[in-house]
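Chains as they are written, first to last, in our numbering: chain V, -2 to 142; chain B, 12 to 114; chain C, 726 to 988; chain R, 5 to 200. Note that CB positions come from ideal geometry on N, CA and C, so glycine has one too. What follows is a set of notes on a single structure, which appears directly below.
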């Protein structure tokens, strides 16, 4: 159902000259999910196999959970999307990047983490999903003054 | 009126490195302002990256992306002068866009 | 939002592990610096520098920051310094207020009504500081130290650094006095020694990731005195400028690489 | 205990009249203004603050003795037990609040202990300005003398080390007798995580 809704939204969009308005696809159910499992279910992800071809470059310790820099990429052939899930966040699904012809499956971004947690990145290729995880420890910086 | 955006697109080794900075509060709806009132959710939901008018990356992001987001992307190949456009749309329906040529 | 300290990390205590921790936090800081939105504040600062404001509806573009009216290149790297027209040593923020009053016709109260801003609404001085400091990137830090009032300001700054005051008997040196000391996980640079002052002063003003704000040296002096449990230092007062002057002089010779990034 | 920091820094730059602590105090009294509970008399150095400033925290022996004796007289011991509840002690040690211009008067202050000391092994975000207090009670025992020493030291650390960087929590009105007793428990109670 979800794929149909997004395809419909995309088709509608093509017809509109105006810049993106509220019709752009934003998977409310997936982003609103409170557990990683539910989030992935709403993204249509059924199973995912661990793969060393999914790379996460992130610090082991973050002095502050407000800005955690992560660099993610996939060497899995035919990767068309990268999904970022922060397991212990109130809403684990953080971002989904769809790469079309002309873009490499690579993104660097800063994310918020409420507490020490695993960051899970999934690569989508040929309708299958591959993942890697990386734990980031969030500590209290500063003088606590 | 959204704050400024800034973007750089440089030819890298076999790819084009695009770095874009956006002014946006990315409010989670959980933060209290100076007088203790909850600040409502306000965050970018959609990102689009285009090269010479053709969409190459579409993203759906959440309030878990840090305030004043900074993204780096990599595009296949690319030539000097190619037009790169990055635009965003947030949950209030506000949008902003920036365009630059590959240096 | 439960903040969990990383008890699991240190399964066994030991200096080796403390080094590991310090190395990892350093890596975190480098990655934050790479992906920093600080430049966005420089852009807003440039707009303010050029924007006509105040009763006289004039921009700040004729403001003399010490290198000549309107000259930005290297201005920050050579502050604080003595200004003949005001007959006193001024740092960047104090000098900007001077121009807001003399060029734009604002009263001092109007110019200093909101010197420290917030993430939602940065102050004019914070944005202007980010822009003007950025114009000295790559240049050697050389504050004024030849004029008698510059020497006196340096001496006053150093004496302030060691003056024990406040409800808890602190001086700056109470925390910034001995090598290798930490408050919580926060290393404390010994700022009266050049080798420690250089990298710190070369990165102010800075974008603070925890609050998404640009913070300036005037704010830093203000907030340190708050934590020293003293009354509040008046913005731009000789005390704040002398301290900034002492720290900048201690860091002289370093290549300025701000605006930087802080936790 | 401390290198003569000032001499070291003095050599670095052109000498000009070096302001005395009294001169500096006058400049501060002109350049500061009261805010919240932080009033101006906090800028007036008492004899201890002035001596420690003048001597870079290394006063001569006789001066140290007189000043420490004076500070010892300020210590007030409560009636009955000096040992409170270590759980409340842990919360006090964690809290950095108290006496700043944006702390509301009347709201209990904390001891900021973790800013400078290691205490319980679970808390890894601790400072290193003060010595580690891990296993303090286990190694020193919890005799009544030790309880009095620890209570006195928290109440006024300068009675034992005149230019210590540890605040005078009693005389400054930061901590109540109850709070200090809870910190004594955190350090001496065998059940406290500090001693496990």
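The beta carbons of residue 818(C) and residue 905(C) sit about 32 angstroms from each other, so the pair does not count as a contact at 8 angstroms. In the assembly as shown, residue 809(C) is an exposed residue. Its beta-carbon has fewer than 16 other beta-carbons within 10 Å. Per DSSP, reduced to three states, the secondary structure at residue 93(V) is strand.
Proximity of chain B to residue 91(V) at the Cβ level (cut-off 8 angstroms) is accounted for by 72, 73, 75 and 76, in chain order. When the alpha-carbon of residue 69(R) is set against those of 181(R), 165(R), 137(R) and 79(R), the nearest one is in 165(R).
Ranked by Cα distance from residue 60(V), the first of 118(V), 124(V), 111(V) and 123(V) is 111(V). Excluding its 5 nearest sequence neighbours in each direction, residue 882(C) has C-beta neighbours in its own chain below 6 angstroms: 967, 968, 970 and 971, listed in chain order.
Distance from residue 133(R) to residue 900(C) at the Cβ level is roughly 7 angstroms; contact confirmed, criterion being Cβ atoms closer than 8 angstroms. For residue 185(R) and residue 158(R), the gap between their C-alpha atoms comes out near 9 angstroms. Taking C-beta separations shorter than 8 angstroms and ignoring five residues to either side along the sequence, the partners of residue 951(C) in its chain run 957, following chain order. Put simply, the backbone Cα of residue 918(C) is about 13 angstroms away from that of residue 979(C). Chain V has a Cβ within less than 8 angstroms of the Cβ of residue 746(C). Not a single C-beta of chain B is nearer than 8 angstroms to the C-beta of residue 77(V). The Cβ neighbour count for residue 41(B), taken over all protein chains shown within 10 Å, is under 16; the residue is labelled exposed. Interface criterion not met: the Cβ of residue 814(C) is under 8 angstroms from no Cβ in chain V. With a cutoff of 8 angstroms on beta-carbon distance, residue 910(C) and residue 750(C) are scored as near each other. For residue 799(C) against residue 864(C), the beta-carbon gap comes to about 5 angstroms, under 8 angstroms, which counts as contact.
One finds nothing in chain C with a Cβ atom closer than 9 angstroms to the Cβ of residue 116(V); even the nearest lies about 13 angstroms away. Per DSSP, the continuous beta strand (DSSP E) segment holding residue 68(V) begins and ends at 65 to 71. Beyond the five residues adjoining it in sequence on each side, residue 931(C) comes within less than 8 angstroms, by CB distance, of 763, 939, 940, 983, 984, 985, 986 and 987 in the same chain, given in chain order. Of all residues in the segment 26 to 46 of chain V, those with a C-beta nearer than 9 angstroms to a C-beta of chain B are 27 and 28, reading in chain order.
When the beta-carbon positions are compared, residue 80(B) and residue 107(V) come within less than 8 angstroms of each other.
In the DSSP assignment, residue 83(B) is bridged to 105(V) and 30(B). Its chain contains 802, 803, 977 and 978 as the residues whose beta carbon lies nearer than 8 angstroms to that of residue 867(C), once the 5 sequence neighbours on both sides are disregarded; these appear in chain order. Counting the other Cβ atoms within 10 Å of the Cβ of residue 52(R) gives 16 or more, which makes it buried. Taking 8 angstroms as the threshold, the shortest C-beta distance from residue 85(V) to chain B does not fall below it. Collapsing the DSSP output to three states places residue 906(C) in coil. Contact residues of the segment 53 to 80 of chain R toward chain C are 53, 54, 56, 57, 60 and 61 (C-beta to C-beta distance below 9 angstroms). For residue 108(V), the neighbours in chain B by C-beta distance under 7 angstroms run, in chain order, 75, 76 and 77. The alpha-carbon separation between residue 90(V) and residue 199(R) amounts to approximately 42 angstroms.
Contact of residue 121(V) with chain C is not assigned, every C-beta pair being separated by 8 angstroms or more. Counted as a single uninterrupted DSSP element, the alpha helix (DSSP H) harbouring residue 857(C) occupies residues 849 to 859. Proximity of chain C to residue 96(R) at the Cβ level (cut-off 7 angstroms) is not reached, the minimal Cβ distance being about 15 angstroms.
Not flagged as an interface residue toward chain C: residue 98(V), since no C-beta distance is shorter than 8 angstroms.
The secondary-structure analysis by DSSP pairs residue 112(B) across a beta bridge with 94(B).
In the displayed model, residue 81(R) falls within coil according to three-state DSSP, outside both helix and strand.
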